[in-house]
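Numbering that gives the first Met the number 0 puts the first residue of the sequence shown at 0, with every later residue one more than the last.
Here a beta-carbon is modelled for each residue, glycine too, at the ideal position from N, C-alpha and C.
Values in this document were obtained by computation on a predicted structure and should not be read as measured data.
One structure is given below, encoded as structure tokens.
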Amino acid sequence: MIDERIVAALRSHVTEELHRADLGPCWVWTGCLCRNGYGQIHLANPRRKELTHRLAWETINGHPGTLHVCHKCDVPACCNPSHMFLGTPSDNLADMRSKGRSNRPRGEDIHCSKMSEEDVIAMRESYAKGETITVLSARYGVCFRTAKHTICGEYWTHVPGAVPLHNKR
Ligand SMILES: [Zn+2]
């Protein structure tokens with residue numbers, strides 16, 4: 000399942016900006032993020048989304064099976080396989096809790112978040128004034144889905160001003 004195209008896609012969407020002295024650089028996914036802050040990518044089957052950190056792990060170590068690929072660096076969007084370890088789902092949950100991380104990211108806490116809290120408020124105001132999700136996603140450099148969830152408050156739950164979706168475009 001893992002081939003050169005996937006490796007190339009992973010490479011083209013990561014940045015090494017974050018550096019952890021103890022672990023080395025995080026390869027932070029700069030493409031679309033799922034609601035838990037993990038990078039995601041569409042592969043051959045457009046309906047199926049893959050988590051980029053799992054793909055990165057699989058590329059190096061083989062398929063993780065039913066185990067969770069956890070992050071030592073605590074950066075969900077990180078795709079550096081050397082920052083990951085395998086755990087059971089309950090290990091992963093315990094690990095997240097011990098690090099004080101809920102399973103929902105709080106906006107700017109996601110290191111690679113492309114928007115600030117001010118951007119989120121401005122995006123929601125523009126939508127309420129009649130701008131479309133398509134236009135706003137392009138303006139803020141996020142994918143359509145991220146913009147939609149940001150506007151309706153499924154993402155950035157702690158930022159006020161969420162708007163019910165009246166226009167799905
Ligand atoms: Zn990392």
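Three-state secondary structure (DSSP) at Asp108?
-> Because Asp108 carries a pLDDT of 46, less than 50, the predicted location of this residue cannot be relied on, and the following value inherits that uncertainty. Residue state, collapsed to three classes: helix.
Just the C-alpha distance for Cys78 and Cys151, rounded to the nearest angstrom, thanks.
-> 29 Å
Kindly identify the DSSP beta-bridge partner or partners of Glu49.
-> Ile40
So does the stretch 18–28 actually touch the stretch 79–86, counting three or more Cβ pairs closer than 8 Å?
-> yes
So is Lys128 buried or exposed if we call it buried at 16+ other beta carbons inside 10 Å?
-> exposed
Based on Cα-Cα distance, which residue from His62, His52 and Arg34 lies nearest to Arg10?
-> His52
With hydrogens ignored, establish whether the beta-carbon of Lys71 is closer than 8 Å to any heavy atom of ligand 1.
-> yes
In chain order, what residues of the same chain lie with their CB nearer than 8 Å to the CB of His18, ignoring the 5 residues before and after it?
-> Pro24 and Cys25
For Leu22, is the beta carbon positioned less than 8 Å from some heavy atom of ligand 1?
-> yes
Indicate whether the contact test is met: 3 or more Cβ pairs, each with one atom in the stretch 49–65 and one in the stretch 137–145, closer than 8 Å.
-> no
Would you tell me roughly how many angstroms separate the C-alpha atoms of Met122 and Thr133, rounded to the nearest one?
-> 12 Å
Select from Phe143, Arg168, Glu117 and Tyr37 the residue whose C-alpha is nearest the C-alpha of His157.
-> Glu117
Comparing alpha-carbon positions, which option in Val13, Ala7 and Gln39 lies nearest Arg144?
-> Gln39
When Lys147, Pro159, Glu153 and Trp155 are compared against His165, the one with the closest alpha-carbon = Lys147
In whole angstroms, what separates the C-alpha of Arg103 from that of Arg34?
-> Note that Arg103 scores 47 on pLDDT, short of 50, meaning its location in the model is unreliable and no value can be drawn from it.
Host alpha helix (DSSP H) of Leu135 (start-end) = Ile132 to Tyr139
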